[in-house]
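Numbering-wise, the numbering used here puts 156 at position 163 of the sequence shown, and it's gapless, one number per residue. Think of the CB as a built atom: it goes at the ideal place given N, C-alpha and C, for glycine as much as any other residue. Source: prediction; values computed, not measured. Here's the structure we're looking at; comments come further down.
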Amino acid sequence: MDKLDKEILNEIQWTFPLTPKPYGVMAKKFGLTDEELMQRLDALKQAGIIRQISAIFDTRKLGYKSALVAMAIEPEKLDHIANQVNRHPGVSHNYERNHEYNLWFTLAVPPGSDLKTEIDKFSKLSGIKKTRLLPTIKLFKIGVKLEMVEEKKSDIKPSEEKKKIVDTKFVATEQEKDYIRELQKDLEIVERPFLKSAQKLGITEEQLLDKVRQYEETGIMRRFAAILRHREVGFTANGMIVWQVPDERIEEVGAKLGAFPQISHCYQRPVYQDWPYSVFSMVHCKSIQEAEDMAKEIQKQVSVENYRILFSSREFKKTRVEYFVEHEFDIEDPITA
């Protein structure tokens, strides 16, 4: 990757022109021809740097329930259990982390389904010592943006403003489900990438783009953007910083953490007797040392004494939840102790 590739990746992670010829709009911004820009994006995709370009929806606004799940698993059973967890269509991220709770995954279930019922399906597997369900109590921030250009790295301070959205209730009609299923797909790198989807849906490009803009304005879609593969671009230290925050400070600390550009996700989650950490935040760094230094700097500014960083040592699964394409899930091949 050269400097221009990195500038393009910075742009496309957060801003994608919602027009019939988006790559043409981007090309002008970088002083390239349409063909040159598309060739660069194609090469970045072929190299595995760009995972996909698509709509990124708000799970909860679509009526889904989701939670982070932590499991303490006997080490020799970890791979088998992780593989069974990966089979669940609602599991999008699944990691081994350096803690007694050594398996962490996110699970989303469609309207009408129950999270606990789905989690209980895993109880058939032997080797799971404890399970902690950690749903979001309050969302302070979500949105990964990897700073590709070293010179553009932000100071470690809470400087971001929260995006304002028009709150509205979403009703998942069959037509809306069709739109969402189509917009989840990886966008082609062609001159008019929305055309084929619009034709498939029996509407015009402009009608489809109007729908995308409406989803964005109402927060149903967080953004339309490229998702990068973190490790392929050097962000190998994926650190979950968990904070033990007194109840009366959760709102203040969560809002402040969410304003740090270096933090991609920030949530309040439940505490347990053996898990006192109520605020979770994510950082993506190029080394463990960088993440630890960043956590110390953030700690100074939020004044929370007790925190720890859990790094992912293995990635078992990282994908996107496919909305409204559910099928029944059950455990297969349970192993006995």
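Alpha carbon to alpha carbon, how far is residue j from residue i? Give it in angstroms, no decimals.
| i | j | result |
| --- | --- | --- |
| Arg53 | Ser59 | 7 angstroms |
| Gly195 | Gly251 | 40 angstroms |
| Lys249 | Pro151 | 6 angstroms |
| Thr329 | Gly120 | The pLDDT assigned to Thr329 is 44, lower than 50, so where the model puts this residue is not dependable; a value taken from the coordinates is nonetheless given after this. Their Cα atoms are separated by approximately 8 angstroms. |
| Glu153 | Ala20 | 27 angstroms |
| Thr140 | Ala284 | Note that residue 140 is Glu in the sequence shown here, rather than Thr. Going from the Cα of Glu140 to the Cα of Ala284 covers about 14 angstroms. |
| Asp267 | Gly24 | 55 angstroms |
| Asn95 | Val246 | 26 angstroms |
| Phe300 | Ala288 | Before going further, note that residue 300 is Tyr rather than Phe in the sequence given. Spanning the two alpha carbons is a distance of roughly 9 angstroms. |
| Glu198 | Leu11 | 10 angstroms |
| Glu0 | Thr110 | 45 angstroms |
| Lys162 | Gly56 | 10 angstroms |
| Glu93 | Phe309 | 17 angstroms |
| Pro254 | Glu244 | 18 angstroms |
| Leu202 | Pro13 | 8 angstroms |
| Glu210 | Gly232 | 31 angstroms |
| Arg80 | Lys279 | 30 angstroms |
| Asp51 | Lys170 | 14 angstroms |
| Glu4 | Asp35 | 16 angstroms |
| Asp286 | Leu61 | 26 angstroms |
| Ala75 | Gly41 | 24 angstroms |
| Leu118 | His73 | 9 angstroms |
| Leu143 | Arg224 | This sequence places Glu at residue 143; Leu is not what is there. Each residue's Cα considered, the two are about 16 angstroms apart. |
| Ile234 | Gln200 | 42 angstroms |
| Met64 | Thr166 | 36 angstroms |
| Thr124 | Val18 | 48 angstroms |
| Tyr208 | Lys22 | 25 angstroms |
| Ser106 | Phe9 | 33 angstroms |
| Arg206 | Lys311 | 27 angstroms |
| Arg215 | Gln294 | 28 angstroms |
| Lys(-4) | Val164 | 44 angstroms |
| Leu188 | Pro269 | 50 angstroms |
What residue from the options has the CA that sits closest to residue i's CA?
| i | options | result |
| --- | --- | --- |
| Ala101 | Tyr94, Lys122, Val78 and Gln266 | Val78 |
| Phe217 | Ile49, Glu4, Glu28 and Leu2 | Ile49 |
| Ser190 | Ile291, Leu176, Ile243 and Ala36 | Leu176 |
| Asn91 | Glu184, Ser305, Thr26 and Val62 | Ser305 |
| Val264 | His258, Trp236 and Ala288 | Trp236 |
| Pro15 | Pro82, Pro269 and Glu181 | Glu181 |
| Lys204 | Trp97, Tyr172, Phe253 and Leu37 | Tyr172 |
| Phe317 | Pro82, Phe98 and Glu308 | Pro82 |
| Leu126 | Leu108, Lys134, Gly136 and Ser116 | Leu108 |
| Gln6 | Ser47, Val226, Ala219 and Val18 | Ala219 |
| Asp(-2) | Phe9, Lys155, Glu29 and Ala75 | Glu29 |
| Met31 | Ser147, Leu118 and Pro186 | Pro186 |
| Lys155 | Gly212, Lys117, Asp113 and Lys193 | Gly212 |
| Phe228 | Gln282, Leu188, Ser106 and Gln200 | Gln282 |
| Val314 | Ala75, Glu167, Asp148 and Arg174 | Arg174 |
| Gln39 | Leu71, Met(-6) and Asp148 | Met(-6) |
| Leu37 | Glu290, Lys22, Leu2 and Asp148 | Leu2 |
| Gln168 | Gln292, Ala63 and Lys193 | Lys193 |
| Ile302 | Thr124, Ala230 and Val295 | Ala230 |
| Phe322 | Lys22, Pro103, Arg307 and Phe9 | Pro103 |
| Ile256 | Gln294, Lys311 and Lys138 | Lys138 |
| Leu71 | Thr312, Arg307 and Lys311 | Arg307 |
Roughly how far, in whole angstroms, is the beta-carbon of residue i from the beta-carbon of residue j, given that I think they are within contact range, below 8 angstroms?
| i | j | result |
| --- | --- | --- |
| Ser274 | Arg262 | Not really, about 11 angstroms apart at Cβ, beyond 8 angstroms. |
| Lys419 | Glu69 | What is shown of the chain runs -6 to 330, which leaves residue 419 out entirely. |
| Ile324 | Phe115 | 7 angstroms |
| Glu184 | Asp27 | 7 angstroms |
| Val238 | Val297 | 6 angstroms |
| Ile332 | His258 | The displayed coordinates of the chain run from -6 to 330. Any statement about residue 332 would go beyond what the structure contains. |
| Leu221 | Arg33 | So it is not a contact: roughly 14 angstroms between Cβ atoms. |
| Lys178 | Ser47 | 6 angstroms |
| Ile149 | Ile291 | 6 angstroms |
Any heavy atom of the ligand FMN closer than 7 angstroms to the CB of residue i?
| i | result |
| --- | --- |
| Tyr270 | The ligand FMN is not part of the structure shown, which contains no ligands of any sort. |
Exercise. Which ranges does the beta strand (DSSP E) cover as unbroken runs of at least 3 residues, wholly within the region 98 to 169, from first to last along the chain?
Worked result: 121 to 128 and 131 to 135
Exercise. Any contact of the region 80 to 88 with the region 130 to 143, i.e. 3+ C-beta pairs under 8 angstroms?
Worked result: no
Exercise. Which ranges would you report for the beta strand (DSSP E) in the region 183 to 248 if only whole runs of at least 3 residues count?
Worked result: 214 to 221 and 230 to 236
Exercise. Along the chain, which unbroken stretches of the alpha helix (DSSP H) at least 4 residues long are found entirely within the region 270 to 313?
Worked result: 281 to 295
For this session: Pick out the complete beta strand (DSSP E) segments inside the region 20 to 73, 3 residues or longer, and give them in chain order.
Result: 43 to 50 and 58 to 66
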